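Protein sequences, first through last, are from chains B and Z.
For the first sequence, my numbering assigns the number 1406 to the initial residue and increments by one for each residue that follows.
For the second sequence, my numbering assigns the number 51 to the initial residue and increments by one for each residue that follows.
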Amino acid sequence: QVQLVESGGGVVQPGRSLRLSCSVSGLTFRNYGLHWVRQAPGRGLEWVSLISYDGTNKYYVDSVKGRFTISRDNSKNTLYLQMNSLRVEDMAVYYCATHYGSGRFMDYWGQGTVVTVSS
Amino acid sequence: DIQMTQSPSSLSASVGDRVTITCRASQSIDRYLNWYQQKPGKAPKVLIYAASTLQSGVPSRFSGSGSGTDFTLTISSLQPEDFATYYCQQSHTNPILTFGPGTKVEIK
């Protein structure tokens, strides 16, 4: 079965960096675009970033542009999110999700990893 | 940017009730609208895509309708497992998919 497992979350001070990983199994990783979606405590879902199946196209929500970098390693079936200059408002559960292109929706999701930004 | 709104932001309903949630886009998105269900502490799950197509495995009591700017998610007979938060998501700007603010369905 398809599994997405996020890791790398933790407690970090404002201005510091963190790298999230999402390990994917059970599907042909290189065929899928991949998203990061976050959810701040008690808040709704916010799309953060997307990388195309081959890594050539990357998209970001305005609030993280210039601070976050999405990447992937198709040889390791792993998605990454490098988060620099973290702010209190970046504190959230971060989910990775696959992009089902023909249906234009997110079909498989991980369980999430928690990022806490606090001094 | 396309802005999504949902109404109501929360509702209380009883098991067996018919529940309707509305989603509105700030501009026409044709039928590029998805619905997700999220339970506390869990990842979201897609229920409906392309406004009215039921995702495999989703119970038929869920249905979606609409096009252009106005969309509706209907639960024909609310079940105990349906108490959750529901999000619409526009896919007009595919592959960038953005969410509405959510509607929490609570037990009356």
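Think of the CB as a built atom: it goes at the ideal place given N, C-alpha and C, for glycine as much as any other residue.
Remember, it's a predicted structure, so these values are computed and weren't measured experimentally.
{"Query": "Return the residue from the list B/V1429, B/D1495, B/G1420 and B/R1443 that minimises the CA-CA distance to B/Q1406.", "Result": "B/V1429"}
{"Query": "Of all Cβ atoms in chain B, is any one closer than 9 Å to the Cβ of Z/P145?", "Result": "yes"}
{"Query": "Checking contacts by CB at 9 Å: is B/S1457 closer than that to chain Z?", "Result": "yes"}
{"Query": "Which bits of chain B does Z/F149 rub up against, with CB to CB less than 9 Å?", "Result": "V1442, G1449, L1450, E1451 and W1452"}
{"Query": "Got a sec: is the Cβ-Cβ distance from Z/P109 to anything in chain B below 9 Å?", "Result": "no"}
{"Query": "For a contact defined as C-beta to C-beta under 7 Å, what are the partners of B/Y1500 on chain Z?", "Result": "A93"}
{"Query": "Could you name the residues of chain Z that B/Y1464 contacts, counting a contact when the two beta carbons are closer than 8 Å?", "Result": "P145 and I146"}
{"Query": "Between the segment 96 to 111 of chain Z and the segment 76 to 84 of chain Z, are three or more C-beta pairs nearer than 8 Å?", "Result": "yes"}
{"Query": "Going by DSSP in three states, Z/V155 sits in which element: helix, strand or coil?", "Result": "strand"}
{"Query": "Less than 9 Å between the C-beta atoms of B/T1521 and B/V1410, yes or no?", "Result": "no"}
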